[in-house]
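The listed protein sequences derive, respectively, from chains A and B. Under the numbering used here, the letters of the first sequence match residues 1 to 914, in that order. Under the numbering used here, the letters of the second sequence match residues 1001 to 1278, in that order. Virtual Cβ for every residue (Gly too), placed ideally from N, Cα, C. None of the values given here were measured: they were computed from a predicted structure.
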Amino acid sequence: MATEHDETPITHGDDPKNPFFEALARWTVRHPWLALLLTLACTGGFATLAATRLQMDNSVEAFTSSASDAREILERFRDDFGRDDFFLVMVEGDVFSGPYLERLRKLHDELATLDMEIPSLGQRKARREPAVSGHAPIVPERKANPMRAPTAPASAQANPPADAGSPAAAADDPFADFATEGAAAGGEAGEATPTASADPGPGGGDGSGKVAWGSFGEEGEDLGWGDEAGGTIVDEITSILNVRRTQAVGDGIRIGGWLEPLPEASALPALRDAILAEPTLVGQVVGAAGKHSVITMRTAFMSEDDSSRVYWKVMEICERHRAPGFEPHVAGPPALGAAINDIILGDLRRTGVVAVIAMLSALAFLFRHPMGIVGPLLVVGQAAIWTFGLMAAVGWSMTMLSNILPAFLVCVGIGDSVHIQSVYRDARRRGHSNDDAIVYAISTTGVPVLFTTLTTMVGLLSFRFATVDAIGEMGTAGAFGVVVALVHSVVFLPAFLTFNRKSLLGATAAGGGAALDRMLDKARLFSADAGAPSGGLRGAPRRVRTLALGVVLAIAAVAGMSGLRVYHNPLSWIPPSFPVRPAFDLIDEHVGGTANVQLLIEAKDGRTIKDLQLMQGLEKLLEHVREYRYPGTEIQLVGNAISLIDVVKETNRALHDGDPGYYRLPESERGLSDLLFLFENAGPDQLRRLATNDLRKTQVTIRVRWVDATSYGPFTEHLTAGIARHIGDRAKVEKTGAVYSLFNIVSSIIADLIRSFMVAFVIITVMMVLMLRNLRLGLIAMVPNLLPIAMIMGIMGVFRVPIDMSNLLIASIAIGIAVDDTIHFLHHFQARYLQSGDVEESIRYTFHHSGRAMFSTSVILAMGFCVYVSAQMENLARFGVLVALTVVMALVIDLIFAPALLRWTYRDRKEASR
Amino acid sequence: MKTRFRTLGARAALGLAATLLAAPTTATAIEPTETDAAKIMAAVEGRDSGDKMVARMQMTIRDSAGRERVRVVQSRSMKVPGGRKQLMIFESPADVRNTALLTMDYDDGGKDDDQWLYLPSLHKSTRISSADKSGAFMGSDFSYADMTKKDPKDYEYKVSKPSAPVGGEDCWLIEARPKSEKEKRETGYVKSLVWVSKSKLLPLQSKIWVAEGKKIKLLKSDKIKQIDGIWVPHRMAVRTVRGKEVESTTVLDFLSVKLNDGSVKASDFTQRRLEQGL
């Protein structure tokens, strides 16, 4: 048995060559130009795709779990009521002063007429079929050619309207898709002179019955806005100036804005008192102290990229209007998404550059020649470009998760190149020709590099099993990236190296590292018994003591994991120096809140919202919602709620000469119907925001403070209880909006983490067993890979590092990377043990062959992940540090515990045979 | 200041689709070869549109999800010095039956319309005034601007195409733009294209650029028939489109129309009559 004092030289022999990789390498060295040009051409294509089609999306719903119906409900809400999120422009100052209101008027008007070139105006990310069964869309979305006139759906032909008379009639009727009661459009006999036969009516179809509106000719075919000036991208804007007021005046009522036109200064104190006494206004458009007001600005649907542009335009306008005593701040979910997009772009550049510099330094240290530096950098650079090109091609957006990819691919992908170039360099040093060294390097390292790539890929692909699509997409794109890095490493890199005719890539200079060797020796001998001082822990063998230490660490890790908590708040990832952070905080503190819960209420059993009992139940539900306080505190979460109820009450009061006693729902259904009729005529646009056309559905928007998602848990329970108690079976009530989406993410985070990690663990275990062709060794291999994951979780628990959407990725990614060291270690151990049958000698051989490589690749990886510390998004920086720590722990555990496990489970074959 | 409630039916039947039309002028004969847009629009507005109208109308509003709402209204209107009076009583659905509107729509755009609303549950009529003028009429795709006379001085007209057939009928294609920001703000419209029938002097369709949200509105007149020698569309539709999306469509059907009806009297347009219902 070999001992620590055994200095027997380790013999070298050529590693086995893989025929496939050998053939590939031979082809490459014969056709280097072809390989380079093919690769670069594809890179050009992917780069074009990425530059022209890659979108950013960091909206809250982009991270909604597909396991729940949250996204479905959100889309249904949008079908019925348009955008659920809006910009909030809060202005600090003395609201009820002349100068403030004058400035607010100007700001309001400029925002209301905001016009920008928005290519995606009106486009929604997700499209749904119409929610009402039996009704086909009037004009379906035109996908093939947006310049073509709209066409009626096929179902419109299949089910001609009752009054169409005949299919031919329907074909000639430009309004054939409208069924009309009575079909008496011809009027009473004798009153009109029918001219239908001579005059089939203008714009009468194209003869197919499909075209109802196709008669607008060339000018009408493009139903887009075109280049016309004077439009605005703003759908709705509300502030204290124009918020609706229904008041009793003289012999009737007046409906208008609260401050339209702007009142004289002398009238302001009275208006101040009146406005601050209105429960519907405080927390919606004005703060309770009269020192803050909010402009709510809702734009049309548009892409996240365009929404970001709108945010910056709004910021620019606000800055222009800033003055002493008039301090605007911009918040709201679109502002948050835009700020995150902006920071991500900065982080992408920053982490990308830092990663390249870090890798450049590492490569320069290892290979000491430009040829050894440029090749690997081109490999990983192209891998990143292909990955983003793929994302653009399949329509996946860049998110706050996928921004880890460039730096990740650089540091993970560089490992393949390092391995190949190291072997190539050794072969050159041994006297191989350049081409032979290339073929040797590829043919001998191809298989282990393939396997390490596969395990990393599995770690990433395990995210397909997460319920949040954005996580799955990031994982798939990352997996594609590491495979591409492998392909470039075995095709592009060798082709590139054919142009290296002279350099040995620092072979002569890289022979040092005595300190590293001493450290590796200490690790190797940590669990070795022979020659070790006796009298240790109860005289137990060192391997047992080492394993006992591992068990203690595992127990400590599990104990630490009990402190793990879920906390998800994308706002907290943004540095406080960014203006969106204080904007959210100020609005949350002073004016109602920046987050929304929307209730989608659909009356059941043929009822409509004119059902008095339903409205009374809704009124009680809203009281129940407003009463909510954080558990055990008096802190208010709900700022305000906007619903039909308040409109009806206000109108009722106005119709009764402003008597406050009538600020209530009417007592009869007819009374309710009348008030809704009045409201419909006085504020039809507002009614469309609050109820569907058929009055079967209504919505309530509840403004709440923006807090971490888990804190919404008790509130959603409170809401659910209120719905059950006050609405019951009269209507179906569904919760949606930013808050609910966030809470939904939190609910799925732990399950996603466990699911994706378990999938990665099981598949990687199977791969280990298959690669090592040894069940026992394969299972042993996974033990030192579980321990660092458990330890990092334990550390997170102890140091109260929360589990959020970003660092739920750590376990799966870490196991995919950490296992690479184990593969190298056990691969060499097994090969040597089969030859020698000597456990200790095999371990020594393994340390000699793999120890330094394991160390250098782990250092490169850890260094690479530390690059994320330079990111501004705090989640990204935290993610980088945690993965780097895991990589280091995985290396230490591999070097300390893997030998102990092998010494515990393996015996020398000669010894066994005796 | 105009009120929210304006006369429906009378203007609609007599050329509602012709948004941004000129104010009435003396009707003049006009040649199909005419190229002066202002003259054409003046002729359109100046044609005989009849008076003392009695109509029964059905308005169908359909949203993007295909949900429909249908209302049937009985209407009487007549010209009076300085404007037009109209009484509208809702016939169906049952929950709005007998709800009624009485409107005095003044020709003088600077003067507030008078509007009374009768809500049966209150058993009395109430005078309503509103500052908002550019919104939708009764939740439909028709806006109040579609039903309001326009001062030709506020618009620039030009013939975009001397011949632009619609359904086989030769039309002038006329572009209209508001001259002033005030007019633009009040109508909410940036520009319109109007197809005017050369034979009927009636707008057959319009395409309108709506400033708010950069929407497009398409207006169409259909089932155009002669009543007492006056061309009257018996069906009109408006469709609101944005980008590739149709947001909603409204169809107004005239189930019956009578012009110059002798039964229409000044006493039809009183608060007392308003409160009597159908």
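Residue i - DSSP class collapsed to helix/strand/coil
{"i": "Ile118 of chain A", "result": "coil"}
{"i": "Arg705 of chain A", "result": "coil"}
{"i": "Pro19 of chain A", "result": "helix"}
{"i": "Asp436 of chain A", "result": "helix"}
{"i": "Arg1239 of chain B", "result": "strand"}
{"i": "Val418 of chain A", "result": "helix"}
{"i": "Trp904 of chain A", "result": "helix"}
{"i": "Gly1083 of chain B", "result": "strand"}
{"i": "Ala300 of chain A", "result": "coil"}
{"i": "Pro153 of chain A", "result": "Only weak support exists for where Pro153 of chain A lies, its pLDDT of 32 falling under 50; the value from the coordinates is given anyway. Correct three-state label for Pro153 of chain A: coil."}
{"i": "Gly805 of chain A", "result": "The sequence given here has Met at residue 805 of chain A, not Gly. Here Met805 of chain A sits in coil by DSSP."}
{"i": "Ala1013 of chain B", "result": "Model confidence at Ala1013 of chain B stands at a pLDDT of 41, short of 50, so the residue's coordinates are unreliable and nothing is read from them."}
{"i": "Met561 of chain A", "result": "helix"}
{"i": "Lys1265 of chain B", "result": "coil"}
{"i": "Asp235 of chain A", "result": "strand"}
{"i": "Pro899 of chain A", "result": "helix"}
{"i": "Asp79 of chain A", "result": "helix"}
{"i": "Asp1063 of chain B", "result": "strand"}
Proximal chain A residues relative to residue i, where beta-carbon distance stays under 9 Å
{"i": "Met1059 of chain B", "result": "Residues of chain A passing the Cβ test: none, with the nearest at roughly 10 Å."}
{"i": "Gly1213 of chain B", "result": "Leu121, Gly122, Gly231, Thr232, Ile233, Val234, Asp235, Glu236, Thr299 and Ala300"}
{"i": "Ile1174 of chain B", "result": "Within 9 Å Cβ-Cβ: nothing; Ile1174 of chain B doesn't reach chain A, min ~11 Å."}
{"i": "Lys1158 of chain B", "result": "Neighbours of Lys1158 of chain B on chain A: none; closest Cβ ~13 Å, over 9 Å."}
First and last residue of the uninterrupted alpha helix (DSSP H) at residue i
{"i": "Met796 of chain A", "result": "Leu775 to Val798"}
{"i": "Gln636 of chain A", "result": "Taken as a continuous stretch (DSSP letters only), Gln636 of chain A belongs to no alpha helix (DSSP H), as it is neither H nor E."}
{"i": "Glu589 of chain A", "result": "Val580 to His590"}
{"i": "Val762 of chain A", "result": "Ala738 to Leu772"}
{"i": "Tyr845 of chain A", "result": "Val839 to Thr846"}
{"i": "Val484 of chain A", "result": "Asp469 to Val490"}
{"i": "Gln1205 of chain B", "result": "Taken as a continuous stretch (DSSP letters only), Gln1205 of chain B belongs to no alpha helix (DSSP H), being part of the beta strand (DSSP E) at Pro1203 to Val1210."}
Beta-carbon neighbours of residue i, restricted to chain A and to distances below 7 Å
{"i": "Arg1071 of chain B", "result": "Neighbours of Arg1071 of chain B on chain A: none; closest Cβ ~10 Å, over 7 Å."}
{"i": "Pro1120 of chain B", "result": "Arg670 and Asp674"}
{"i": "Arg1127 of chain B", "result": "Asp251 and Gly252"}
Cross-strand partners of residue i (DSSP beta bridge)
{"i": "Asp1222 of chain B", "result": "B:Arg1235"}
{"i": "Glu1156 of chain B", "result": "B:Arg1177"}
{"i": "Met398 of chain A", "result": "A:Met56"}
{"i": "Ile1089 of chain B", "result": "B:Gln1074 and B:Ala1100"}
{"i": "Tyr1118 of chain B", "result": "B:Ala1100 and B:Ser1125"}
{"i": "Ala1094 of chain B", "result": "DSSP output for Ala1094 of chain B lists no bridge partner at all."}
{"i": "Thr698 of chain A", "result": "A:Ile601 and A:Ala691"}
Proximal residues of chain A, C-beta to C-beta of residue i below 8 Å
{"i": "Lys1184 of chain B", "result": "Gly230"}
{"i": "Arg1047 of chain B", "result": "Result: empty, since nearest Cβ-Cβ is about 17 Å, beyond 8 Å."}
{"i": "Val1190 of chain B", "result": "Glu228, Ala229, Gly230 and Gly231"}
{"i": "Leu1317 of chain B", "result": "This structure leaves residue 1317 of chain B out entirely; chain B is present only between 1001 and 1278."}
Chain-ordered neighbours of residue i on chain B, where CB pairs are closer than 8 Å
{"i": "Thr692 of chain A", "result": "Asp1063, Ala1065 and Arg1067"}
Distance between beta carbons of residue j and residue i, contact taken as under 8 Å
{"i": "Ile803 of chain A", "j": "Leu564 of chain A", "result": "6 Å"}
{"i": "Val558 of chain A", "j": "Ala790 of chain A", "result": "6 Å"}
{"i": "Met315 of chain A", "j": "Phe86 of chain A", "result": "That pair is no contact at about 15 Å."}
N- and C-terminal bounds of the beta strand (DSSP E) containing residue i
{"i": "Ile255 of chain A", "result": "Gly252 to Gly257"}
{"i": "Asp1253 of chain B", "result": "Glu1245 to Lys1258"}
{"i": "Met56 of chain A", "result": "Note, Met56 of chain A: premise wrong, no beta strand (DSSP E); not H, not E."}
{"i": "Asn596 of chain A", "result": "Ala595 to Ala603"}
{"i": "Met1104 of chain B", "result": "Ala1100 to Tyr1106"}
{"i": "Ser1192 of chain B", "result": "Tyr1189 to Ser1197"}
{"i": "Met519 of chain A", "result": "From DSSP, Met519 of chain A is part of no beta strand (DSSP E) but of the alpha helix (DSSP H) over Ala514 to Leu525."}
Cβ of residue i within 8 Å of any chain D Cβ
{"i": "Leu107 of chain A", "result": "Looking at the structure shown, chain D is missing, and the protein chains on hand are A and B."}
Beta-carbon neighbours of residue i, restricted to chain B and to distances below 7 Å
{"i": "Arg688 of chain A", "result": "Gly1139"}
Residues that residue i contacts on chain B, provided the C-beta gap is smaller than 9 Å
{"i": "Pro666 of chain A", "result": "Ser1121"}
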